[in-house]
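Down below is the structure, laid out as structure tokens.
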Amino acid sequence: MKKLALTALFLGAIGLSQSVQAEIIFSCKTTNNKYIEVNKLNNDIYEYKFGSASKNELTLRNKKSELLGRSERWTGTGRGRWSTMSFQKGEYIYQVYVNLDSIDHTTESGVDVKHKGQLLTSILCTEETAKSNFNDEEFAW
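Structure representation (structure tokens):
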């Protein structure tokens, strides 16, 4: 009986560890030596993380449907392609963005922090560390 209970517990732990396997869809090191990361936890939940290498300072989880209602993406006109994911916590919005200039092939990414619609700060990523994979067709350009 103990063996059966331990086996069930072990198999449950394996299932749990596999179910929380996150897919990193955006990451970068900022110009002030912090890290930004966006993870797709499952088909419905996305997670935003901000902090130093040794300490996570902020974690937000938002539903995909909520993100889609607040986020914008390139509509197919102009030389710049861009996509955003806007995480919300109370009256604050953390808008992760990626911009690509299709003519000179430069990119810019980072996060804009807004309070009640007013821009508080823009945090830029270093270009060489920025990696994005907005692979959900709703977020991709």
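In terms of mature numbering (1 follows the signal peptide of the UniProt record, and there is no 0), the sequence shown is residues -22 to -1, 1 to 119. In this text, a Cβ means the ideal position worked out from N, Cα and C, and glycines have one as well.
Spatial distance of F65 from L45 (CA atoms): As a first step, residue 65 must be located in the sequence shown, where it is residue number 87. As a first step, residue 45 must be located in the sequence shown, where it is residue number 67. Straight-line Cα distance between these residues: approximately 6 Å.
State the DSSP-derived secondary structure class of G29, mapped to helix, strand or coil. Here residue 29 corresponds to residue number 51 of the sequence shown, with the count starting at 1. In the structure shown, G29 sits in a strand (DSSP, three-state: E or B).
Between A31, M63, Y70 and K67, which lies nearest to residue 145 when the distance is taken from Cα to Cα? There is simply no residue 145 to check, as the chain begins at -22 and stops at 119 in what is shown.
Output needed for E105: all residues of its chain with C-beta closer than 7 Å, excluding positions within five of it in sequence on either side, in chain order. Sequence index remark: in the sequence shown, residue 105 carries index 127 (1-based). Closer than 7 Å at Cβ, skipping near neighbours: T85.
On a CA-only basis, which of S100, Q(-2) and I101 is nearest L19? Give me that one, please. Here residue 19 refers to the residue found at position 41 when the sequence shown is read from its first residue. When only C-alpha atoms are compared, the closest one is Q(-2).
Do the CB positions of V76 and I14 come within less than 8 Å of each other? Locating residue 76 in the sequence shown gives position 98, counting from the first residue. Locating residue 14 in the sequence shown gives position 36, counting from the first residue. It is not a contact, given that the beta carbons lie outside the stated cut-off.
S43 and K109 look like a contact to me (Cβ under 8 Å); what is the Cβ gap, rounded to whole Å? The count along the sequence shown starts at 1 and reaches residue 43 at position 65. The count along the sequence shown starts at 1 and reaches residue 109 at position 131. That belief does not hold up - the Cβ atoms of S43 and K109 are roughly 25 Å apart, past 8 Å.
Closer than 7 Å to a non-hydrogen atom of the ligand ADP - does that hold for the CB of K18? Judged by which ligands are present, the structure shown has none, so any question about the ligand ADP falls away.
Can you give the Cα-Cα distance for K41 and Y24, rounded to whole angstroms? In the sequence shown, residue 41 corresponds to position 63, counting from 1. In the sequence shown, residue 24 corresponds to position 46, counting from 1. In a straight line, the C-alpha of K41 is about 6 Å away from that of Y24.
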